[in-house]
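S.K.:
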Amino acid sequence: MTWGQRLRQMLRGIRGERRRWRREREADLLAWRRRQLEVELDLEAERRKRQLHLEQELERMRRQFELELTLLEKKQKQELRDYERYLAAIDQLQVQLRHAFSQAPEVIVLTLHHHAKRLLDRMWEAEDLQQRLQREQEFVKFLTTVYEDTLQATAAEGTEPLLPRRALRLMLHTETDKET
Numbered sequence: 001m002t003w004g005q006r007l008r009q010m011l012r013g014i015r016g017e018r019r020r021w022r023r024e025r026e027a028d029l030l031a032w033r034r035r036q037l038e039v040e041l042d043l044e045a046e047r048r049k050r051q052l053h054l055e056q057e058l059e060r061m062r063r064q065f066e067l068e069l070t071l072l073e074k075k076q077k078q079e080l081r082d083y084e085r086y087l088a089a090i091d092q093l094q095v096q097l098r099h100a101f102s103q104a105p106e107v108i109v110l111t112l113h114h115h116a117k118r119l120l121d122r123m124w125e126a127e128d129l130q131q132r133l134q135r136e137q138e139f140v141k142f143l144t145t146v147y148e149d150t151l152q153a154t155a156a157e158g159t160e161p162l163l164p165r166r167a168l169r170l171m172l173h174t175e176t177d178k179e180t
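Numbers 1 to 180, taken from the numbering used here, label the letters of the sequence shown in order.
#1: For L168, tell me which candidate among L30, V109, L119, L41 has the shortest Cα-Cα distance.
#2: Expressed to the nearest angstrom, what Euclidean distance is found between the alpha-carbon atoms of D28 and E40?
#3: Thinking H115 and Q94 are a contact (beta carbons under 8 Å), I'd like their distance in whole angstroms, please.
#4: Taking the runs of the alpha helix (DSSP H) that are 4 residues or longer, which of them lie wholly in the stretch 71-159?
#5: Within the same chain, show all residues whose beta-carbon is closer than 6 Å to that of R135, passing over the 5 residues directly before and after it, in chain order.
#6: Between the alpha carbons of A228 and F101, how many angstroms are there, rounded?
#7: Is L172 closer than 7 Å to A104 when the C-beta atoms are compared?
#8: Mark R20 as exposed unless 16 or more other C-beta atoms lie within 10 angstroms of its C-beta, in which case mark it buried.
#9: Helix, strand or coil: which one does DSSP assign to L37?
#10: What is the DSSP secondary structure of T174, reduced to helix, strand or coil?
#11: P164 and V146 look like a contact to me (Cβ under 8 Å); what is the Cβ gap, rounded to whole Å?
#12: Leaving out five residues before and five after L87 in sequence, what residues of the same chain have Cβ atoms less than 8 Å from its Cβ?
#13: Express the C-alpha separation of D128 and E57 in angstroms, rounding to a whole number.
#14: What did DSSP end up calling M1 once you bin it into helix, strand or coil?
#15: Report the rounded CA-to-CA distance for E17 versus R34, giving the unit in angstroms.
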């Protein structure tokens, strides 16, 4: 046998061995491919399931955030209406001060009016509930004092007080406390 024939015989033997090995392993290969396909299908089903769960969770969160936003917008609108009502009441207080203390200089009435607005703003801009309650107490105390001064001035017969002294004293005392 020549060298070329041996090579051909060897190649045929290798090819035959490969075919035999393939036939023997074909069932294993098919089983492996089936398992691989099943795993891929399971993974795809799991991915879809997770995606559906995430979409549902996102939708739930979106609805929750929309509800919270709607409630917050309503609260903000109510806060704005309340603030506007406070400002209108403070403006009305200015008119009452002018009427009760007609002899007082305009700057005094404007200063009291401005101080009331400033107290309102500080109350409204308070960072936390405790601070807001404290500033609300200051605001109410000031308004009560102004109201009492106004009542006293309108009740006084014949002698009209020139200035709302208690309100001015409270305002000066409050400002002095803030500076120290």
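Beta carbons: idealized from backbone N, C-alpha and C, even for Gly. These numbers come from a predicted model, not from an experiment.
M.R.: So, to answer that:
#1: Closest option to L168, judged by alpha-carbon separation, among L30, V109, L119, L41: V109.
#2: Going from the Cα of D28 to the Cα of E40 covers about 18 Å.
#3: In fact, because the Cβ distance is near 11 Å, the residues do not count as touching under 8 Å.
#4: Counting only unbroken stretches of 4 or more residues, the alpha helix (DSSP H) elements lying wholly within the stretch 71-159 are 106-124, 129-155, in sequence order.
#5: The answer, listed in chain order, is R122, M123, A126.
#6: Beyond the ends of the chain as shown, which are 1 and 180, falls residue 228; an answer cannot be given.
#7: Not in contact: A104 and L172 (Cβ atoms no closer than 7 Å).
#8: Counting Cβ neighbours within 10 Å, R20 comes out exposed, since fewer than 16 surround it.
#9: DSSP places L37 within a helical segment (H, G or I) once states are collapsed to three.
#10: DSSP places T174 in helix when its eight states are reduced to three.
#11: Yes, they are in contact, since the Cβ atoms of P164 and V146 sit about 6 Å apart, within 8 Å.
#12: For L87, where only same-chain residues beyond five positions count, the Cβ hits under 8 Å are K117, L120.
#13: Distance between the alpha carbons of E57 and D128: 32 Å.
#14: DSSP places M1 in the coil class of the three-state scheme, outside both helix and strand.
#15: If I take the Cα positions, the gap works out to 25 Å.
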